[in-house]
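Asks: Using our numbering, the first residue of the sequence shown is number 1, and each one after it goes up by one.
We put the CB at the ideal spot given by N, CA and C, even for glycine.
Take a look at the following structure, please.
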Amino acid sequence: MTLSAALRNSASQLRTERSELNLRFIDSHHDWLDLSLGGPAGDAARTSLAGYTDWLAPSLHQMEHVAATLDRHANLQARREELEDRIIAFLGQIDERNVAAARAAGLLLNQVRALGDSLDWLCSQEIDALCTPAGVSPPVRFEEFSDLPVDTIHEINLAQANEHVAQLATKNPDMKVLEASDGRLVAMVDPGEFRTTPASLTTFVEGVHSSDPETWQRAVDRGRNLAKASGGPAVVWLGYQAPSSLPRAIHADPARTAGSELVRFQRALGARYPQAKRTVVGYSYGSVVTGHAAKEDKIADDVVLVGSPGTGASHSSELHGRIWAATNAHDPIAIATGPHGGIHGPDPTTDAFGATPLPGADGLPGDHGTYWEDPRFLRGLGQVARAR
Numbered sequence: 001m002t003l004s005a006a007l008r009n010s011a012s013q014l015r016t017e018r019s020e021l022n023l024r025f026i027d028s029h030h031d032w033l034d035l036s037l038g039g040p041a042g043d044a045a046r047t048s049l050a051g052y053t054d055w056l057a058p059s060l061h062q063m064e065h066v067a068a069t070l071d072r073h074a075n076l077q078a079r080r081e082e083l084e085d086r087i088i089a090f091l092g093q094i095d096e097r098n099v100a101a102a103r104a105a106g107l108l109l110n111q112v113r114a115l116g117d118s119l120d121w122l123c124s125q126e127i128d129a130l131c132t133p134a135g136v137s138p139p140v141r142f143e144e145f146s147d148l149p150v151d152t153i154h155e156i157n158l159a160q161a162n163e164h165v166a167q168l169a170t171k172n173p174d175m176k177v178l179e180a181s182d183g184r185l186v187a188m189v190d191p192g193e194f195r196t197t198p199a200s201l202t203t204f205v206e207g208v209h210s211s212d213p214e215t216w217q218r219a220v221d222r223g224r225n226l227a228k229a230s231g232g233p234a235v236v237w238l239g240y241q242a243p244s245s246l247p248r249a250i251h252a253d254p255a256r257t258a259g260s261e262l263v264r265f266q267r268a269l270g271a272r273y274p275q276a277k278r279t280v281v282g283y284s285y286g287s288v289v290t291g292h293a294a295k296e297d298k299i300a301d302d303v304v305l306v307g308s309p310g311t312g313a314s315h316s317s318e319l320h321g322r323i324w325a326a327t328n329a330h331d332p333i334a335i336a337t338g339p340h341g342g343i344h345g346p347d348p349t350t351d352a353f354g355a356t357p358l359p360g361a362d363g364l365p366g367d368h369g370t371y372w373e374d375p376r377f378l379r380g381l382g383q384v385a386r387a388r
């Protein structure tokens, strides 16, 4: 039996049960009203007994709404099943030597099946919301989708996404949306074909202005460069309310709060990909966020601090994992810190801090914005991400 047929059967069965329950509801009310009891005691008894059946009314309404939801999703699934059948038929007709057509059809088939999973999940969430008096908040965190594949998570997020996220996904077919809400985006970028068991994962934490959707394409491009350098998927983690200007970046409280969010996400990432080597790259104010997270927990095997104004730590020994650092020779971020401290602590690239210089990539000629296009810098990052 197809999923659409199963949904229609469930809707039909639910309506039958609702009709039977409604008849009992009506009969019970008539029974209470027809009681041959007089006086105040009789009136009180009828009122009390009628109240015992009134609790059925909300359930009757819920059952009708749930049946309508099942029918609606059955129609959606039927259209999706028809498309899936057409793709399978096409695959059976094309010449096996037409690799490009087979690959394109195979990718489309996977997307259509992921859409089916996401529709099924959304149907269950809608039913939960209908049957829960207080309402059910939609999940916004990666770990709340722990039993779903990434393709399905992507489709669910797109179904609820704003225009910025939808356009970003269209422009970047190698990107999967893991979390999305106002001013927040977490996306996985994997050029080529997405891997279900990657050997390595690199999480990129951006800094000031990164909550502005106008900057997200740049962040995705940087994540893509990281993925190519590391040989594994890169997660662009913009999962916090980043400072909107440099003056606001002097405050540590947003970084502490964001650090706990990063810890949460990295735990979920590790649970989903337990065999993958994890690296976190914190850039600019993102390195402050990364530092606070690495003080709280082991967020990765390797932590790389890039163009950092400090980490909230006095020494690398306060941070979990292997700590690496790099700052370009002409990066003005150096004004904000130094060997003895600064706004967010000492410069991670100084000997006193104790981090290891990023291989062949610390002190390169360049400013605060040139790291992500510099092949020498990316080569150093790749060396760290690939090493075991």
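Starting from the C-beta of Ile333, find all residues in its chain whose C-beta is less than 8 Å away, skip the five residues before and the five after it, and write them out in chain order.
Replies: Here residue 333 corresponds to residue number 333 of the sequence shown, with the count starting at 1. So the list reads Ser284, Gly307, Ser308, Pro309, Thr327, His368, once near-sequence residues are dropped.
Asks: Within the same chain, show all residues whose beta-carbon is closer than 7 Å to that of Leu364, passing over the 5 residues directly before and after it, in chain order.
Replies: Here residue 364 corresponds to residue number 364 of the sequence shown, with the count starting at 1. Excluding sequence neighbours, Leu364 sits near Asn328, Ala329, Asp374, Arg376, Phe377.
Asks: Which residue wins for smallest C-alpha separation from Trp324, given the options Phe353, Arg80, His154, Gly312?
Replies: In the sequence shown, residue 324 corresponds to position 324, counting from 1. For the residues Phe353, Arg80, His154, Gly312, the minimum Cα distance to Trp324 belongs to Phe353.
Asks: Determine the closest residue to Asp289 out of Ala387, Leu305, Trp216, with distance taken between C-alpha atoms.
Replies: The count along the sequence shown starts at 1 and reaches residue 289 at position 289. This sequence places Val at residue 289; Asp is not what is there. If we check each option's Cα against that of Val289, Leu305 comes out closest.
Asks: Cα-Cα, which of Ala229, Thr170, Asn172, Gln241 is closest to His209?
Replies: For the purposes of this step, residue 209 is taken as residue 209 along the sequence shown, with counting starting at 1. Out of Ala229, Thr170, Asn172, Gln241, Gln241 has the C-alpha closest to the C-alpha of His209.
Asks: Look at the Cβ atom of Thr202, then the Cβ atom of Leu70, and state whether they are nearer than 9 Å.
Replies: The residue labelled residue 202 in the question sits at position 202 within the sequence shown. The residue labelled residue 70 in the question sits at position 70 within the sequence shown. Not in contact: Thr202 and Leu70 (Cβ atoms no closer than 9 Å).
Asks: Are the beta-carbon atoms belonging to Leu226 and Val281 less than 9 Å from one another?
Replies: On the sequence shown, residue 226 is found 226 positions in, with the first residue counted as 1. On the sequence shown, residue 281 is found 281 positions in, with the first residue counted as 1. Result yes, Cβ atoms of Leu226 and Val281 sit closer than 9 Å.
Asks: Please list, in chain order, all residues of the same chain as Lys295 whose beta carbon is under 7 Å from its beta carbon, the five residues on each side excluded.
Replies: Within the sequence shown, residue 295 is the residue found at index 295, counting from 1. Gly312, Ala313, Glu318, Leu319.
Asks: Helix, strand or coil for Arg278? Go by DSSP, reduced to three states.
Replies: Mapped onto the sequence shown, residue 278 falls at position 278. Arg278: strand per DSSP, three-state reduction.
Asks: Grouping DSSP H, G and I as helix and E and B as strand, with all else coil, what is Lys176?
Replies: Here residue 176 corresponds to residue number 176 of the sequence shown, with the count starting at 1. It is a strand residue.
Asks: Are the segment 258-268 and the segment 214-221 in contact at 8 Å, needing three or more beta carbon pairs?
Replies: They do not touch, by the three-pair rule.
Asks: Go through its chain and collect everything with a Cβ distance to Leu7's Cβ below 7 Å, but skip five positions before and after it.
Replies: To locate residue 7, count along the sequence shown from 1; it is residue 7. Answer for Leu7: Leu70, His73, Ala74, Gln77, listed in chain order.
Asks: Using DSSP's beta-bridge definition, name the partner residues of Asp190.
Replies: By one-based count along the sequence shown, residue 190 stands at place 190. Answer is none; Asp190 lacks a bridge partner.
Asks: Can you tell me which of the three DSSP states Ala326 falls into?
Replies: For the purposes of this step, residue 326 is taken as the residue at position 326 of the sequence shown. Strand.
Asks: Could you spell out the range, first to last residue, of the beta strand (DSSP E) harbouring Val205?
Replies: Stepping through the sequence shown from its first residue, residue 205 is reached at position 205. Its beta strand (DSSP E) spans residues 200-205.
Asks: Would you list the residues sitting across from Asp302 in a DSSP beta bridge?
Replies: Here residue 302 refers to the residue found at position 302 when the sequence shown is read from its first residue. Beta-bridge pairing links Asp302 to Thr279, Arg322.
Asks: Please return the same chain residues whose Cβ sits closer than 8 Å to the Cβ of Arg411, not counting the five positions on each side in sequence.
Replies: Since the first and last residues shown for the chain are 1 and 388, residue 411 lies out of range.
Asks: How many Å lie between Phe90 and Met175 at the Cα?
Replies: Looking up residue 90 in the sequence shown gives position 90. Looking up residue 175 in the sequence shown gives position 175. Taking the straight line from one Cα to the other gives about 26 Å.
Asks: Using DSSP with H/G/I as helix, E/B as strand and the rest coil, what is Ser146?
Replies: On the sequence shown, residue 146 is found 146 positions in, with the first residue counted as 1. Ser146: coil per DSSP, three-state reduction.
Asks: Given this structure, state the Cα-to-Cα distance separating Ala169 from Val189, to the nearest angstrom.
Replies: Residue 169 sits at position 169 when you count from the first residue of the sequence shown. Residue 189 sits at position 189 when you count from the first residue of the sequence shown. Approximately 11 Å, taken between the alpha carbons.
Asks: Candidates Ser181, Ala300, Val150, Arg86: which alpha carbon is nearest His164's?
Replies: Within the sequence shown, residue 164 is the residue found at index 164, counting from 1. Ranking the options by Cα distance to His164, first place goes to Ser181.
Asks: Need the endpoints of the alpha helix (DSSP H) that Ala385 sits in, please.
Replies: Your numbering for residue 385 matches position 385 in the sequence shown. Element bounds for Ala385: 375-386.
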